[in-house]
Structure formats: C-alpha cells, structure tokens
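Chemist: First to last, the protein sequences are chains P and F.
According to our numbering, the first sequence holds residues 1 to 148 in order.
According to our numbering, the second sequence holds residues 149 to 296 in order.
2 protein chains.
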Amino acid sequence: MQTAPSQASPIAREAWGTVFQISLANRWRLMAALEEYGLTFPQAHALRLLDPERPLPMNEIADRLVCDASNVTGIADRLESRGLIERRAGAGDRRVKMLALTPTGAEARERVIEAMTEPPAEIAALSPADQRALRDILRRAVADASGL
Amino acid sequence: MQTAPSQASPIAREAWGTVFQISLANRWRLMAALEEYGLTFPQAHALRLLDPERPLPMNEIADRLVCDASNVTGIADRLESRGLIERRAGAGDRRVKMLALTPTGAEARERVIEAMTEPPAEIAALSPADQRALRDILRRAVADASGL
DNA sequence: TGCTTATCGTTGAGGTTGTCAAGAATTGAA
DNA sequence: TTCAATTCTTGACAACCTCAACGATAAGCA
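1. Arg174(P) bridges to which residues according to DSSP?
2. Per DSSP, what kind of secondary structure is Met1(P) in: helix, strand or coil?
3. Buried or exposed for Ser275(F), going by 16 or more other Cβ atoms inside 10 Å?
4. Do you know offhand how far Leu101(P)'s Cα is from Pro52(P)'s?
5. Closest to Ala263(F) by CA distance: which of Leu232(F), Ala180(F), Gly165(F) and Ala156(F) is it?
6. Give me the residue from Glu184(F), Ala293(F) and Glu208(F) with the minimum Cα distance to Ala256(F).
7. Taking the DSSP output, what are the residues bridged to Asp199(F)?
8. Alpha carbons only, please: which of Asp216(F), Gln191(F), Leu198(F) and Ala163(F) is nearest the one belonging to Ser229(F)?
9. Measure from the C-beta of Asp51(P) to each C-beta in chain F and report whether the shortest distance is under 8 Å.
10. Going by beta-carbon coordinates alone, are Ala124(P) and Ala156(F) separated by less than 8 Å?
11. Can you name the residues of chain F whose CB is closer than 7 Å to the CB of Val66(P)?
12. Counting only C-beta atoms, is Phe189(F) closer than 8 Å to chain P at any point?
13. Can you pull the chain P neighbours of Ile271(F), defined as C-beta to C-beta under 7 Å?
14. Please report how far the alpha carbon of Thr151(F) lies from the alpha carbon of Arg87(P), in whole angstroms.
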C-alpha cells in the first residue's frame, strides 16, 4: 500500500499530532495500571473484546486485533493459565474454539475498560465546556467516518 | 503507585474513550507506513526524539522512552546497523554515548514525523470548523497541563 | 592521594509479542 | 471419495522489554 501524500489540512495535522503526543504520554500510565492486574497491553486488549455473555471464536479475535492467528493462541494460553478465560468448543464447527470469560475474567475486563477509558490529566483538567465540545466533535468524527 | 479511583467526569471519559478507539484503529495504519521504511514503532519513536542538530545521550533517550537503558542499546544497535544513527563520544563525560542522526537518518526522521502526525480518516473528514475547535481545545489541554 | 559510591552503557537470561511456514483436524464442494 | 479451504496449533525466528551483573568512568570524601 502506498502512503498517501500529505493532503490533510495543517489544522487537522496539528490536532492529531497533539492527540498522538497525549496518547504517548498516557501510555506508560495505562501500562502501569494494567500491570497491577498482571496484564500486558495485548492481553488487556483481547480481554476487552470478550463480552461476558457472548464468547468469540479465536479467528475473530485475530481479525479484531489485526494479527496472526498463531499470536492469539499464545495470548489465549496466558489468559487461560491465569484463569481469566476458557476455551470452549465451537457450536456447529468443531474446528473453531470459542474464548469465554470466566467470572474472574469478567471482573478483570471491567477494570481493563475502566483503565483504558480513564482520561489523562490533560483531558480531565479541561473546562466542562471544553470537555463537552471535545466529546461532541469526536462523536461526529466516528459517526461520519462510519458512513464514509 | 495506586490507581486513582475514577473521579473523571463521564464526559471526559467518553471523549477519551473515543480518542483511544480512534488511536487503536489508527495504529495498524501507522505501523504499515513505518514498515515501508523498515522501521518498527520503537525505532521510529527513538528516531523522532533526535534533533538533526543536537545529538542526545542514550540515557536521556531511555528517560523519554520510559524504558530501561539496556533496551536503548538494542534499538540503537539496529538503527546504527541501518546507517540511520551513529554513536559519538560524549563531550566531557567518557561514559556517555551520544546518538546522532546521519543524513539518511535525518531524512527517515522527517518521514516518521510525517507519518505520526498524519491524521486518521475520522479526523481528516471533520469540518474545518470542527478541526479548528478540536485543535484549539487540545492546545489548551497541553498548555494547562504543563502548568499544573 | 586513595577509597568508596554512583552513573553509563553493555551483556546475558528470560518472558511477551509478533510473523511466517508447516501440519493435524475438520468442513464443504467437485 | 477426493480435493481445497478453514481453524487452530506448533516451531523457528526477530524485536522489544525487564532485570541482574559487569567494566569503565566519574565524583565525593577522608
């Protein structure tokens, strides 16, 4: 895939550059929070995808993580060895294995989502008006993009 | 360090959750762009820190990357083997080694910064007014945070 | 001056993430 | 049935990352 020549407006570029900078600075904080639960980022990422009510086939995890299927095997191994998930037989197709949250895993997932959405100081310190404006713009951003 | 109990406003939390989601989706795009130059994310991150005019001591790279010094050794090894940086003697202190960009490395750094600030479709598709508002809010965010 | 302590970068061990290639089991279609 | 495609696993390999230990150097202090 060819990298598109830079056509983005300087304004959008500056805005995204700032987001990137804040995200980068926020990363170590998130990793530290996850470490309290003994989770790495990819493990937390996978855990987040699992709805407590609805197990997912491993190949769908790989799709969503945009990674090789063999990678999911290893991540699932580690989550399973900690008792956070379990492998179940796939309904209908005996090739697929479904990943399902255990009760412990469901609790861990709650904390993971909590940590991932916890805003960094830069955002939390914004005025209520700025926070609302930011939220609304971002809502429009994902809404518009989904309909591209 | 204890994880702070969630005191952030639901609005800030939603806004940051959306940022997180966009960043995550944007990540594979960035990685693909970096791969065209044969760079991994940590390598690109380190490259970005190096001003063409001002070499940095390795320990400062480790500080900014928030990682162990021994990790920088490996990353520098790989960047050096590709001819993007070179190790120089530290001025004054013979223990420190400075990392300096080669001309090739300076060009690679330009492309890295370009790729890292390239906004994802969600942001690029925003109206000019929204882009400006987003930029201004984020400017305030980092400005306020630096004075906390 | 010497001794001690601290710092800087490297090395080696070990764990996690990630890719690719190959393989067993299963499915589905010719 | 036979053949091709899929689902997951395994093994090999590379990069990233931490920790502990080490040599070289620096800095403080008796």
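Note that the Cβ used here is the ideal one computed from N, Cα and C, for glycine as well.
Modeler: In short:
1. Absent from the structure is residue 174(P), since the part of chain P shown begins at 1 and ends at 148.
2. The sequence position of residue 1(P) within the first sequence is 1, counting from 1. Unreliable placement is indicated for Met1(P), whose pLDDT of 46 sits below 50; the coordinate value is still reported in the next sentence. Met1(P) falls in the coil class under three-state DSSP.
3. Residue numbering aside, residue 275(F) sits at position 127 when the second sequence is read from its first letter. With fewer than 16 other Cβ atoms within 10 Å, it is exposed.
4. Mapped onto the first sequence, residue 101(P) falls at position 101. Mapped onto the first sequence, residue 52(P) falls at position 52. The alpha-carbon atoms of Leu101(P) and Pro52(P) are separated by roughly 6 Å.
5. Indexing the second sequence from 1 puts residue 263(F) at position 115. Ranking Leu232(F), Ala180(F), Gly165(F) and Ala156(F) by Cα distance to Ala263(F) puts Ala180(F) first.
6. Working through the second sequence from its first residue, we reach residue 256(F) at position 108. Here the closest residue by C-alpha is Glu184(F).
7. Your numbering for residue 199(F) matches position 51 in the second sequence. DSSP output for Asp199(F) lists Arg202(F) as bridge partner(s).
8. Counted from its first residue, the second sequence places residue 229(F) at position 81. When each option's Cα is compared against that of Ser229(F), the closest is Gln191(F).
9. Position 51 of the first sequence, counted from the first residue, corresponds to residue 51(P). So, not an interface residue.
10. Here residue 124(P) corresponds to residue number 124 of the first sequence, with the count starting at 1. Here residue 156(F) corresponds to residue number 8 of the second sequence, with the count starting at 1. A contact, by the Cβ cut-off of 8 Å.
11. For the purposes of this step, residue 66(P) is identified with residue 66 of the first sequence, where counting begins at 1. Near Val66(P) (Cβ distances below 7 Å), the residues of chain F are Trp176.
12. Here residue 189(F) corresponds to residue number 41 of the second sequence, with the count starting at 1. It does not: the Cβ of Phe189(F) has no partner Cβ on chain P nearer than 8 Å.
13. By 1-based counting over the second sequence, the position of residue 271(F) is 123. Using a Cβ-Cβ cut-off of 7 Å, Ile271(F) is close to Ala12, Ala15, Trp16 and Ala141 of chain P, given in chain order.
14. The residue labelled residue 151(F) in the question sits at position 3 within the second sequence. The residue labelled residue 87(P) in the question sits at position 87 within the first sequence. With a pLDDT of only 46 at Thr151(F), under 50, the local geometry of the prediction cannot be trusted, and the value read off the model is given with reservation. If you take the alpha carbons of Thr151(F) and Arg87(P), they lie about 31 Å apart.
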